[in-house]
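What follows is a short report on a single structure.
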Amino acid sequence: MSARPTILVFDSGLGGLTVLREIVKARPDAHYVYVADDTFFPYGHHSEEAITARVVPLIGELISAHAPDLVVIACNTASTLVMSHLRGAYAVPFVGTVPAIKPACASSTTKRVSVLGTKGTVKREYTQALIRDFAQGCDVTLVGSADLAALAEAALGGAEVSDSLILAELAPCFVGAGDPNSARTDTVVLACTHYPLLMDRLVRLAPWPVDWIDPAPAIARRVVDLLGSPGSDADQAGAEMIFTSNRPHTLSQALMPFFGGRVPA
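According to the working numbering, the residues represented by the sequence shown are 109 to 373, in order.
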């Protein structure tokens, strides 16, 4: 393990920045390479076979180009499909992102939990298996959003995104309103890394307060488990931002907070 490890964070777009932000806090000394597969975004518009066929060789190319000490797949859709393929193909350690159903159900008081993800993630057998194994008596509502990831990217880029568009995607998560005999949803799992980009607005638009479960802190802890504690040379660490379309990134000021204040190359 190098004194200053290189960590590659991969997502279909910019949602993985919410995961990157937590990892940078935990390992500020690392060199970061963030790769957004914008050529194929959003993954929800492609078949499972197409995503696997694209991501597995693409990760191999990125490993060859950047020699990371660890790769984080900061995308629920990709993680639920390709992690076993990646671990079978490459020797680099991988950390994936899966819906945080187990901790959500363990902490729910009303035993009514919603999982907000892409349409692909919520219908996938992997997600169904997590519910079977870890629901712990909770009533779990799966909410597949068609547009929230794209809305989050648009908002990060400075576009005007109306509250009504966000609320339309969010509203089905809130179950039990107006029924005195029904417990209300008290926990929402954010099963797409894009969604925490809108966290302030999700909290504000929610019809009542809930616990929002963001997997990013747990992913950061797993990275530290695998790589160890940080060194002391954080000021010398760098960062790169790569789009698979090869377009230049023009969001330096917006991106800096996710990279721990660094301006990504």
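C-beta atoms are modelled at their ideal positions from N, C-alpha and C, and glycine is treated no differently.
Look at G228 here: in three-state DSSP terms it is helix. When R232, R112, I171 and L256 are compared, the shortest CA-CA separation from F202 is found for I171. CA-to-CA, the gap between A175 and C213 works out to about 38 Å. Relative to the Cα of T226, the nearest Cα in the group R162, T188 and A263 belongs to T188.
Counting along the chain, no alpha helix (DSSP H) covers H139; the unbroken beta strand (DSSP E) around it starts and ends at H139 to A144. Residue burial is scored here from C-beta neighbours: T217 has fewer than 16 other C-beta atoms within 10 angstroms and is therefore classed as exposed. Here the segment 193-201 makes no contact with the segment 146-154; the two share fewer than three CB pairs at distances below 8 Å. Secondary-structure assignment with DSSP links R220 through a beta bridge to D247. Of F282, E348 and V132, the smallest CA-CA separation from V311 is found for F282. Secondary structure note for D322: it is in no beta strand (DSSP E), with a DSSP letter that is neither H nor E. Taking A260 as the centre and dropping the five residues before and after it, the same chain places the C-beta of G123, H302, Y303, L305 and L306 closer than 7 Å to its C-beta, in chain order. The segment 349-358 makes no contact with the segment 322-340; the number of CB pairs closer than 8 Å stays below 3. Its chain contains L273 and E277 as the residues whose beta carbon lies nearer than 8 Å to that of D255, once the 5 sequence neighbours on both sides are disregarded; these appear in chain order. In the three-state reduction of the DSSP assignment, F282 falls in the coil class, being assigned neither a helical nor a strand state. In the DSSP assignment, D119 forms a beta bridge with A144. Assigned with DSSP and collapsed to three states, E348 falls in strand.
A243 and A285 have their C-alpha atoms spaced approximately 22 Å apart. Judged by DSSP in its simplified three-state form, T235 adopts helix. Here C183 is near Y151, since their CB atoms are less than 8 Å apart.
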